[in-house]
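> Here's a structure for you.
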Amino acid sequence: MIDDSYLVKRCLERDRKCQCLLYEKYASLMLGVLMRYAGSRAEAEDILQEGFVKAFMNMKQYAGTGSFSGWLKSIMINTAITHFHRNRNFREQGPIDNVGESYLKDHGEVSGLERLKEDDLLKVITGLPPGFRVVFNLYAIEGYKHHEIAEMLNIDEGTSKSQYSRARKLIRERLGKRQ
Amino acid sequence: MPDQNHIEDLFRDKFSNFEVEPSGGTWTGISKKLAWQEFFRFSLTSFNIWYAAAGLGIIGALVYVGLETSEPDVADPVEKEVPEEVIPFGEPEVEDDTLEIGVIDDPAAEESVEIDTEVPGTDPVVPMQVLPADSPAVSDLPLQPAQPADKVVGPVDEAVDLFAAEEDVIIPLADFGATPESGCHNLRVQFTDRSVNAASYRWSFGDGGFSTSMHPVYFYDQPGTYTVTLEVESERGLKDVAEQQITVYPKPEALFEVRADEDAGYGRTVYFFNYSRNAESYIWDFGDGNNSTAKDPVHVYLEPGNFTVSLTAVSEHGCTDIMELENIFSDEEYFISFPNAFRPDMGGPSDGRYDPADPVTKVFYPKYKGVSEYQLSIYNKSGLLLFETTNIEIGWNGYFNNRLVAPEVYIWKARGRFANGQPFVMAGDVTVIPNN
Chain A
1 MIDDSYLVKR CLERDRKCQC LLYEKYASLM LGVLMRYAGS RAEAEDILQE
51 GFVKAFMNMK QYAGTGSFSG WLKSIMINTA ITHFHRNRNF REQGPIDNVG
101 ESYLKDHGEV SGLERLKEDD LLKVITGLPP GFRVVFNLYA IEGYKHHEIA
151 EMLNIDEGTS KSQYSRARKL IRERLGKRQ
Chain B
1001 MPDQNHIEDL FRDKFSNFEV EPSGGTWTGI SKKLAWQEFF RFSLTSFNIW
1051 YAAAGLGIIG ALVYVGLETS EPDVADPVEK EVPEEVIPFG EPEVEDDTLE
1101 IGVIDDPAAE ESVEIDTEVP GTDPVVPMQV LPADSPAVSD LPLQPAQPAD
1151 KVVGPVDEAV DLFAAEEDVI IPLADFGATP ESGCHNLRVQ FTDRSVNAAS
1201 YRWSFGDGGF STSMHPVYFY DQPGTYTVTL EVESERGLKD VAEQQITVYP
1251 KPEALFEVRA DEDAGYGRTV YFFNYSRNAE SYIWDFGDGN NSTAKDPVHV
1301 YLEPGNFTVS LTAVSEHGCT DIMELENIFS DEEYFISFPN AFRPDMGGPS
1351 DGRYDPADPV TKVFYPKYKG VSEYQLSIYN KSGLLLFETT NIEIGWNGYF
1401 NNRLVAPEVY IWKARGRFAN GQPFVMAGDV TVIPNN
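Line by line, the protein sequences give chains A and B.
Counting along the first sequence from 1, when you hit position 169 you're at 169 in the working numbering, and nothing is skipped either side.
Counting along the second sequence from 1, when you hit position 416 you're at 1416 in the working numbering, and nothing is skipped either side.
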């Protein structure tokens, strides 16, 4: 595997071949991230394209401190958030009540959450309303703090907390009843 | 039973290296977009190259001019002799020798003289000329009292005095205070300089941040223990360093969920599930005047209404975080609401089915979302039951026993349950408007 710092250097010189190598190295990981933020695969791939173009055009901003994949991921997430803001007013909320049902039907009682597959969890996440989904991703998986999320999404810290709480509740209901 | 307290860990674990192969055309799309965007940026770059070329041209012109002027320099050896011509100025060197003799018992002075003799021949002239004017100024300096060179007396010795004063310029002493020295996450610390004889400051806050102001304020946004160093430099370039530790305690994260008892009678029993992290004690405010310090309390609300519940999580160092959940009984997802009037169909009783998209309401029916159980009853003013249904897709057509009711006010009662198990009981009145 070619060293990131070398690839980054060549990408700064707009070496298309190295850009392609860097893309190939990280595209699937980044799409894995974006699938959690987007409502569909097509949307995730749109964001992926947009994010990579942004990353290559602004590669100068990558200071070289910290991992490149971390930097790339933050660009992807920011692009996803921009996307979310842009589409917020137009998107129809998905059918939130059916999500995860198929899993439960197939398996009856949920006996061990650990045994759940990524795909099932992904279904649960993508089934959340967009606002919940973004907050849940940022807080639970990416590990941002509520005050940071509030800043990123331009909402109150309290809104972030209560959205998160409600998202979590929906998720848990879909993963199996508590009592 | 799985450990459901850590949905976060489950998701984080599953998705930390989650990969999805993008479809084939993605890179082509990216490279096309890149080419397009770079095309625009390229014009900028070519401007830069143009500027660079212009700059190179100027440099070239300068070099050319410089070469022309330097040619005689190389050719003319007279210039090289100039240093030799300066040597006669070296007379002060003789004075230096006398200095050395005069101050032989003062080691500091000796050093200064040694330094002096190292200075190129032209330099000694300067101190000699400046000396008479400068000496009173030197005695004005507040730094003067601290130096031990006082015993040296005499006009010649004053020169020594000057150097001694400069050597001894008081050593800077770094010292500072911090308020507070420890505290909760997102800590604001006011640093106060207490250094002596410092001319410039360089603070390093231990997390990569630094400052050059005298009394900086710094925000620590990550918990941890940090070693703050203050390096001060005097006007003469002498340095000193002071150190102090700042401890930033992690803030707990308050997080909870609410679940109302499904078989709620008069009192509604509500279970609170506490998912707070880094906390060791809790303060609950149930919004109805009651409190609790239990971790996962169960509370019975005797009064109807909606309540705002807050949870304060307290860590071992007394750091707190608050989470508030407004209107615990409402859930944005689920609702049901009824109109207060409708116009029945005059042409005979319909089956009560309605089309929610139809703006003409010939049937009395609710707008709703997420209703799983439902019962609607219509009464007249004297309490006679006129209509009842448990099918939410069927509304009241305004007829009773196949006869249109009189145009007046009727009472409706609805009860049922939302999909999340929360029951609802509602009542109101509805006016039947005649069709003219």
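Think of the CB as a built atom: it goes at the ideal place given N, C-alpha and C, for glycine as much as any other residue.
Source: prediction; values computed, not measured.
#1: At a CB-CB cut-off below 8 Å, which residues of chain B make contact with A:L128?
#2: What residues match up with B:V1309 in a beta bridge as DSSP calls it?
#3: Could you tell me whether any Cβ in chain A is nearer than 7 Å to the Cβ of B:R1012?
#4: Buried or exposed: which applies to A:I125, given that a residue is buried once 16 or more other Cβ atoms fall within 10 Å of its Cβ?
#5: With distance defined between alpha-carbon atoms, name the residue in B:L1385, B:L1255, B:I1394, B:K1381 nearest to B:T1361.
#6: Report the three-state DSSP secondary structure of B:G1289 (helix, strand or coil).
#7: DSSP on A:P129, reduced to helix/strand/coil?
#8: Taking only beta-carbon atoms, is B:E1373 less than 7 Å away from chain A?
#9: For chain B, find out if any of its Cβ atoms is closer than 7 Å to the Cβ of A:A140; answer yes or no.
#10: Counting beta carbon pairs with one atom in the segment 1299 to 1317 of chain B and one in the segment 1013 to 1022 of chain B, are three or more of them shorter than 8 Å?
#11: Mind checking which residues open and close the beta strand (DSSP E) that includes B:I1433?
#12: In angstroms with no decimal places, state the Cα-to-Cα distance between A:F132 and A:Q163.
#13: Let me know if B:D1009 comes out buried or exposed under the rule of 16 or more other beta-carbons within 10 Å of its beta-carbon.
#14: I think B:D1396 touches B:V1363, with their Cβ atoms under 8 Å apart; what is that distance to the nearest whole Å?
#15: For B:D1240, which residues does DSSP report across the bridge?
#16: Between A:M152 and B:V1232, what straight-line distance do the alpha-carbon atoms span, to the nearest angstrom?
#17: For B:D1355, tell me which candidate among B:P1349, B:K1367, B:G1348 has the shortest Cα-Cα distance.
#18: Ends of the beta strand (DSSP E) at B:Q1375?
#19: Helix, strand or coil for B:L1187? Go by DSSP, reduced to three states.
#20: Does the beta-carbon of B:R1259 have 16 or more other beta-carbons within 10 angstroms, so that it is buried, or is it exposed?
#21: Would you list, in chain order, the members of the segment 25 to 38 of chain A that have their beta-carbon closer than 7 Å to a beta-carbon of chain B?
#22: For B:V1270 and B:T1225, what's the separation of their Cα atoms in angstroms?
#23: Tell me, to the nearest whole angstrom, how far the beta carbon of B:P1172 is from that of B:L1230; I am working on the premise that it is less than 8 Å.
#24: Could you please give me the residues that DSSP links to B:R1353 through a beta bridge?
#25: Check the C-beta distance from A:C18 over to A:L7 and give it rounded, since I have them as a contact under 8 Å.
#26: Let me know the alpha helix (DSSP H) ranges lying completely inside the segment 1003 to 1028 of chain B, each 4 residues or longer, listed in chain order.
#27: Using 8 Å as the threshold, is the segment 1285 to 1300 of chain B in touch with the segment 1020 to 1039 of chain B, meaning 3 or more CB pairs across them?
#28: Looking at chain B, is there any beta carbon in it that lies within less than 7 Å of the beta carbon of A:Q61?
#29: Any C-beta of chain B within less than 7 Å: which residues of the segment 39 to 71 of chain A qualify?
#30: Using a C-beta to C-beta distance shorter than 8 Å, which residues of chain B count as neighbours of A:Y144?
#31: Specify the secondary structure class of A:E148 as computed by DSSP and reduced to three states.
#32: Could you tell me which of B:C1319, B:E1235, B:T1069 sits nearest to B:S1276, measuring between CA atoms?
#33: Checking 7 Å against the spacing of the C-beta atoms, do A:H146 and A:K169 come in under that value?
#34: Step through the CB atoms of chain A and report whether any lies within less than 7 Å of the CB of B:I1030.
#35: Going along the chain, which unbroken runs of the alpha helix (DSSP H) with 4 or more residues stay wholly within the segment 13 to 70 of chain A?
#36: Could you tell me how far apart the beta carbons of B:N1435 and B:M1346 are, in whole angstroms, since I believe they sit closer than 8 Å?
Let me spell this out:
#1: Near A:L128 there are no residues of chain B at all, since even the closest Cβ is about 11 Å away, more than 8 Å.
#2: Among the bridge pairs identified by DSSP, B:V1309 is matched with B:L1325.
#3: Yes - at least one Cβ of chain A is within 7 Å of the one on B:R1012.
#4: Label assigned to A:I125: buried.
#5: Checking every option, the nearest Cα to that of B:T1361 belongs to B:I1394.
#6: B:G1289 sits in coil when the DSSP states are folded into three classes, being neither helix nor strand.
#7: Coil at A:P129, not helix or strand.
#8: Interface residue (Cβ-Cβ distance to chain A less than 7 Å): B:E1373 is not classified as such.
#9: Nearest CB-CB separation between A:A140 and chain B: below the 7 Å threshold.
#10: Counting Cβ pairs under 8 Å, fewer than three are found: no touch.
#11: Taken as a continuous stretch (DSSP letters only), B:I1433 belongs to no beta strand (DSSP E), as it is neither H nor E.
#12: Inter-residue distance for A:F132 and A:Q163 is about 6 Å (C-alpha atoms, whole angstroms).
#13: With fewer than 16 other Cβ atoms inside 10 Å of its own Cβ, B:D1009 counts as exposed.
#14: The question names Asp, but residue 1396 of chain B in the sequence shown is Trp. Approximately 7 Å separates the beta-carbon atoms of B:W1396 and B:V1363; this is inside 8 Å, confirming the contact.
#15: B:D1240 is bridged by DSSP to B:V1232.
#16: Answer to the nearest angstrom: the Cα atoms are 39 Å apart.
#17: Of the listed residues, the one whose Cα sits closest to B:D1355 is B:K1367.
#18: Taken as a continuous stretch (DSSP letters only), the beta strand (DSSP E) holding B:Q1375 covers 1371 to 1379.
#19: Under the three-state reduction of DSSP output, B:L1187 falls in the strand class.
#20: Buried: at least 16 other Cβ atoms inside 10 Å.
#21: Correct list: A27, S28, L29, L31, G32, M35, R36.
#22: Computed Cα separation, rounded: 41 Å.
#23: About 11 Å; that fails the 8 Å criterion.
#24: Bridge partners of B:R1353: B:I1394.
#25: 5 Å between Cβ atoms; contact.
#26: Contiguous alpha helix (DSSP H) elements confined to the segment 1003 to 1028 of chain B occur at 1007 to 1015, taking only those with 4 or more residues.
#27: By the C-beta criterion, the segment 1285 to 1300 of chain B is judged not to be in contact with the segment 1020 to 1039 of chain B, since fewer than 3 inter-stretch pairs fall below 8 Å.
#28: Judged by the 7 Å Cβ criterion, A:Q61 is not in contact with chain B.
#29: Cβ contacts with chain B: E45, L48, Q49, F52, V53, F56, M57.
#30: Correct list: empty, because the minimum Cβ distance to chain B is about 12 Å.
#31: Helix.
#32: Taking only the C-alpha atoms, the option nearest B:S1276 is B:C1319.
#33: It is not a contact, given that the beta carbons lie outside the stated cut-off.
#34: Answer yes: the Cβ-Cβ gap between B:I1030 and chain A drops below 7 Å somewhere.
#35: You should have 16 to 37, 41 to 57.
#36: Yes, they are in contact, since the Cβ atoms of B:N1435 and B:M1346 sit about 5 Å apart, within 8 Å.
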